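**Student:** Mind having a look at this structure? Questions to follow.
4 protein chains.
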Amino acid sequence: MRTTMGIIGIMGSGEDASVKDKQIAFELGSQLARKNFIVLCGGRNSGVMKSAIDGVASEQGISVGILPGSDKSEAAQNITVPIITGMGNARNNINVLSSDVVIAIGNTPGTLSEMALTIKNKKPLIALNQSIESIALLKSMNYNKLVIVETLSDVMIQLNEWLQ
Amino acid sequence: MRTTMGIIGIMGSGEDASVKDKQIAFELGSQLARKNFIVLCGGRNSGVMKSAIDGVASEQGISVGILPGSDKSEAAQNITVPIITGMGNARNNINVLSSDVVIAIGNTPGTLSEMALTIKNKKPLIALNQSIESIALLKSMNYNKLVIVETLSDVMIQLNEWLQ
Amino acid sequence: MRTTMGIIGIMGSGEDASVKDKQIAFELGSQLARKNFIVLCGGRNSGVMKSAIDGVASEQGISVGILPGSDKSEAAQNITVPIITGMGNARNNINVLSSDVVIAIGNTPGTLSEMALTIKNKKPLIALNQSIESIALLKSMNYNKLVIVETLSDVMIQLNEWLQ
Amino acid sequence: MRTTMGIIGIMGSGEDASVKDKQIAFELGSQLARKNFIVLCGGRNSGVMKSAIDGVASEQGISVGILPGSDKSEAAQNITVPIITGMGNARNNINVLSSDVVIAIGNTPGTLSEMALTIKNKKPLIALNQSIESIALLKSMNYNKLVIVETLSDVMIQLNEWLQ
Chain A
-18 MRTTMGIIGI MGSGEDASVK DKQIAFELGS QLARKNFIVL CGGRNSGVMK SAIDGVASEQ
42 GISVGILPGS DKSEAAQNIT VPIITGMGNA RNNINVLSSD VVIAIGNTPG TLSEMALTIK
102 NKKPLIALNQ SIESIALLKS MNYNKLVIVE TLSDVMIQLN EWLQ
Chain B
-18 MRTTMGIIGI MGSGEDASVK DKQIAFELGS QLARKNFIVL CGGRNSGVMK SAIDGVASEQ
42 GISVGILPGS DKSEAAQNIT VPIITGMGNA RNNINVLSSD VVIAIGNTPG TLSEMALTIK
102 NKKPLIALNQ SIESIALLKS MNYNKLVIVE TLSDVMIQLN EWLQ
Chain C
-18 MRTTMGIIGI MGSGEDASVK DKQIAFELGS QLARKNFIVL CGGRNSGVMK SAIDGVASEQ
42 GISVGILPGS DKSEAAQNIT VPIITGMGNA RNNINVLSSD VVIAIGNTPG TLSEMALTIK
102 NKKPLIALNQ SIESIALLKS MNYNKLVIVE TLSDVMIQLN EWLQ
Chain D
-18 MRTTMGIIGI MGSGEDASVK DKQIAFELGS QLARKNFIVL CGGRNSGVMK SAIDGVASEQ
42 GISVGILPGS DKSEAAQNIT VPIITGMGNA RNNINVLSSD VVIAIGNTPG TLSEMALTIK
102 NKKPLIALNQ SIESIALLKS MNYNKLVIVE TLSDVMIQLN EWLQ
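Protein chains in written order, with my numbering: chain A, -18 to 145; chain B, -18 to 145; chain C, -18 to 145; chain D, -18 to 145.
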């Protein structure tokens, strides 16, 4: 096994994810895997979760999915490590605590809860593809480990800065 | 014991609560207890949680606190039922699921996570004392069980409408 | 509201509870309520949980149910405070942490997990209506806050000793 | 990355593990990794958890640790994927749900809770290095997915039978 560089969380919507959200998630999963990061997400076979896992798989990387349900049936097909919590959305806090850096794509309710829990738990947060209203609220929180970015290369630059 | 009318959650900040947040929480706790609601909150001896519990106690009502830590030491003094989860902020999801209606006071990170989880779990949400940015984001989510109000009497009117 | 004396957990089986288990649970719920204890259990409308809650209700006491599912539909009818965890059997640890003393009736798998978690969390445990094999295993654990009893009056005597 | 064959849980004590428990855990971790299983355990830097992870690492396998605390400081040094739950012993249910088969070494209280939760969740269970009292209790439960074995080769034979 290749030495891993840390665990990066990619948080985003399932059924409500936009095409752009999913493209970002796939590309991010693949770039992170290429750099030997483990990618952690919500693990379901839908939206940002599925796309991130597919991106990791395209580079033979390791993906971890923290699943809300009580069996493996909802897991994305290409996942490496499905973790079955059986605890519904309470698992969002595990997503955040287990990630060295949390990357949030979009701001649907589940993802918003994960951004808020990231700040509450004082973990580093990179926000991507946010609405104008979400950007305004995030900025108003004056959180010093938050970066709002627009491109994938900005994400990779920020990760480099934080993790080396 | 008096017959209870349901469980109302009051969510808000601990150490970061404003004076106004705490006044609202106390008054809301006392009005809800007078109407025989059980009041549920995060249970800690600080901020909105402590004030809500003190308001309930002033009317000999029943308060329930869902505590993040693993023993009773952090519980508010006047609490009726301290529930010890030992699961940190993952307990925020229990706060939301256990409340017939969630009332959020302010929008610090923990409370924001609870508003987001309320929407994610499709439960009714009343938001009070929100910043301009939080109001804009909440409105942008187009959630049909969300009401943003300014006064306590608006809260009581909305509860009446939803719960009878 | 009457002043409460503490929270006593009554743990036992749902569908697999014996007639004797349920009789003990009802009587224990009623005796504890009469002495102004809050009674905490798994909250479901079945077996030891339902019987304990019915016993509490027969004395107008306060019962708390820590439910495994994600809505109120499975709760016992006479419950005072249903807590909705949405976290399945992981909620067994909350049952234990929230109880000043845990009383276990019988030793089906869920109850056995709660006895084990009580010992792991170093909380006081009273075991009732155990099989010969369960008694032998419990004794072999050399746990100094464990009492194995045969009658309800033994339970009340032990609670008195521990809680005053 | 090599294709994984499934996730096998190795449950056992931390500080209270015997020398024999730890030897079994190391050997089992290494044999499972050699056969391309992912090994899941409680993740701490102690006892059966540390030994299982060291065994996996000796074969360049993938180990997953479901940690009870809220940061990585307690994780075993050689772990591949530390999952930070922040939920104490409630995480034992995640250990069980996430494992295709649970292997329990010894019967200290935490491990006993995991064996009981495995049966409660109807997952396959292999018990190793149990006391006489634990064997008697386990047998009395008449659980058809439980096998009590004495040697590592018995474990591997049973896994083969269940997983192919």
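Glycine included, C-beta positions come from ideal geometry on N, C-alpha and C.
Predicted model, so just to flag it, every value in this text is computed and none were measured.
So for Ala57 of chain C, helix, strand or coil by DSSP?
**Tutor:** DSSP places Ala57 of chain C in coil when its eight states are reduced to three.
**Student:** Show which residues of chain C have a CB atom less than 7 Å away from the CB atom of Gly67 of chain A.
**Tutor:** Correct list: Met68, Gly69, Ala71.
**Student:** Determine the direct distance from the alpha carbon of Asn102 of chain C to that of Leu13 of chain B, and round the result to whole angstroms.
**Tutor:** Approximately 35 Å, taken between the alpha carbons.
**Student:** Between Ser44 of chain C and chain A, is there a C-beta pair that is closer than 8 Å?
**Tutor:** No, Ser44 of chain C lies away from the interface with chain A (no Cβ there is under 8 Å from its Cβ).
**Student:** Among all the DSSP beta bridges, which residues are the ones paired with Val62 of chain C?
**Tutor:** Beta-bridge pairing links Val62 of chain C to C:Val45.
**Student:** For the stretch 87 to 121 of chain D, which segments carrying the beta strand (DSSP E) assignment without a break, of at least 3 residues, lie completely within its bounds, in sequence order?
**Tutor:** Runs of the beta strand (DSSP E) inside the stretch 87 to 121 of chain D: 106 to 109.
**Student:** Taking a Cβ distance cut-off of 7 Å, strictly less, list which residues of the stretch 36 to 65 of chain B are near chain D, in chain order.
**Tutor:** Under the 7 Å Cβ criterion, the stretch 36 to 65 of chain B contributes Ser51.
**Student:** Name, please, each residue of chain A whose Cβ falls closer than 8 Å to the Cβ of Leu78 of chain D.
**Tutor:** The contacting residues are Ser51, Asp52, Ile65, Thr66, Gly67.
**Student:** Classify Met68 of chain D as helix, strand or coil using the three-state DSSP reduction.
**Tutor:** It is coil, neither helix nor strand.
**Student:** Measuring straight from C-alpha to C-alpha, what distance separates Ser11 of chain B and Ser39 of chain B?
**Tutor:** Going by the C-alpha atoms only, they are around 6 Å apart.
**Student:** Report buried or exposed for Asn125 of chain C, applying the criterion of at least 16 other Cβ atoms within 10 angstroms of its Cβ.
**Tutor:** By the 10 Å Cβ count, Asn125 of chain C comes out exposed.
**Student:** List the DSSP bridge partners of Gly(-10) of chain A.
**Tutor:** In DSSP, Gly(-10) of chain A forms a bridge with A:Leu21, A:Val83.
**Student:** Could you name the residues of chain C that Ser(-1) of chain D contacts, counting a contact when the two beta carbons are closer than 9 Å?
**Tutor:** Within chain C, no residue comes near Ser(-1) of chain D; the closest Cβ sits about 15 Å away, beyond 9 Å.
**Student:** When we look at the beta-carbon of Gln41 of chain A and count the other beta-carbons within 10 Å, is it buried (16 or more) or exposed?
**Tutor:** By the neighbour-count rule (16 or more Cβ atoms within 10 Å), Gln41 of chain A is not buried but exposed.
**Student:** With which residues is Ile129 of chain D paired in a DSSP beta bridge?
**Tutor:** Beta-bridge pairing links Ile129 of chain D to D:Ala108.
**Student:** Kindly give me the distance between the Cβ atoms of Val45 of chain B and Ile19 of chain B, rounded to whole angstroms, as I take these residues to be in contact under 8 Å.
**Tutor:** Confirmed, about 6 Å.
**Student:** Going by alpha carbons, who is nearest to Cys22 of chain A out of A:Asn73, A:Ser51, A:Ala(-2), A:Ser(-1)?
**Tutor:** Comparing Cα positions, the closest option is A:Asn73.
**Student:** Tell me which same chain residues have a C-beta within less than 7 Å of the C-beta of Lys16 of chain B, skipping the five on either side of it?
**Tutor:** So the qualifying residues of the chain are Met(-14).
**Student:** Name the two residues that bound the continuous alpha helix (DSSP H) containing Ser(-1) of chain A.
**Tutor:** Counting along the chain, Ser(-1) of chain A falls outside any alpha helix (DSSP H), and DSSP gives it neither H nor E.
**Student:** Count the other CB atoms, across all protein chains shown, that sit within 10 Å of the CB of Asn141 of chain B; report buried if there are 16 or more and exposed otherwise.
**Tutor:** When all chains shown are included, Asn141 of chain B counts as exposed.
**Student:** At the 8 Å Cβ level, is Thr(-15) of chain B part of the contact set with chain C, yes or no?
**Tutor:** With 8 Å as the cut-off, Thr(-15) of chain B counts as an interface residue toward chain C.
**Student:** Can you list, in chain order, the residues of the stretch 17 to 35 of chain A whose Cβ is nearer than 7 Å to any Cβ on chain D?
**Tutor:** Those residues of the stretch 17 to 35 of chain A that come within reach of chain D (Cβ to Cβ, closer than 7 Å) are Ile19.
**Student:** Pick out whichever of B:Thr66, B:Asp35, B:Leu119 has its Cα sitting closest to the Cα of Thr92 of chain B.
**Tutor:** The residue with the shortest Cα to Cα distance from Thr92 of chain B is B:Leu119.
**Student:** Please list, in chain order, all residues of the same chain as Leu98 of chain C whose beta carbon is under 7 Å from its beta carbon, the five residues on each side excluded.
**Tutor:** Closer than 7 Å at Cβ, skipping near neighbours: Asn73, Asn74, Val77.
**Student:** Let me check understanding here. Comparing Cα to Cα, which of B:Gln145, B:Leu109, B:Ser115, B:Ala117 lies closest to Asp135 of chain B?
**Tutor:** Checked all of B:Gln145, B:Leu109, B:Ser115, B:Ala117; the closest Cα to Asp135 of chain B is B:Leu109.
**Student:** So Ser80 of chain C packs on Ile(-11) of chain C, CB below 8 Å; how close in whole Å?
**Tutor:** The Cβ separation is near 6 Å, so the contact holds.
**Student:** Taking 7 Å as the limit between beta carbons, can you name the residues of its chain near Asn26 of chain B, skipping five residues before and five after?
**Tutor:** Excluding positions up to five away in sequence, the list reads Glu55, Ala56, Ala57, Gln58.
**Student:** On the criterion of 16 or more Cβ atoms from any shown chain inside 10 Å, does Val37 of chain C qualify as buried, or is it exposed?
**Tutor:** Classification of Val37 of chain C: buried, given that the 10 Å Cβ count is 16 or more.
**Student:** Step through the CB atoms of chain C and report whether any lies within less than 8 Å of the CB of Pro105 of chain D.
**Tutor:** Cβ-Cβ to chain C under 8 Å: no for Pro105 of chain D.
**Student:** Along chain B, in chain order, which residues have C-beta atoms closer than 7 Å to that of Lys101 of chain A?
**Tutor:** Here the neighbours are Asn70, Pro90, Gly91, Ser94.
**Student:** In terms of residues, what are the limits of the alpha helix (DSSP H) holding Lys31 of chain D?
**Tutor:** Its alpha helix (DSSP H) spans residues 28 to 38.
**Student:** Answer with yes or no whether the minimum CB distance from Leu133 of chain A to chain B is below 8 Å.
**Tutor:** So no, Leu133 of chain A is outside the interface.
**Student:** DSSP state of Leu139 of chain D, grouped into three classes?
**Tutor:** Here residue 139 of chain D is Gln; the residue named in the question, Leu, does not match the sequence. It is helical.
**Student:** Please return the same chain residues whose Cβ sits closer than 8 Å to the Cβ of Ser121 of chain A, not counting the five positions on each side in sequence.
**Tutor:** If we look at Ser121 of chain A and ignore the five residues flanking it on each side, it has no Cβ neighbours.
**Student:** Measuring only the C-alpha atoms, how far is Met30 of chain A from Ile65 of chain C?
**Tutor:** Straight-line Cα distance between these residues: approximately 27 Å.
**Student:** Give me the chain B residues within the contact set of Asn110 of chain A, using Cβ-Cβ distance strictly less than 9 Å, ordered along the chain.
**Tutor:** Chain B residues near Asn110 of chain A: none, gap ~14 Å exceeds 9 Å.
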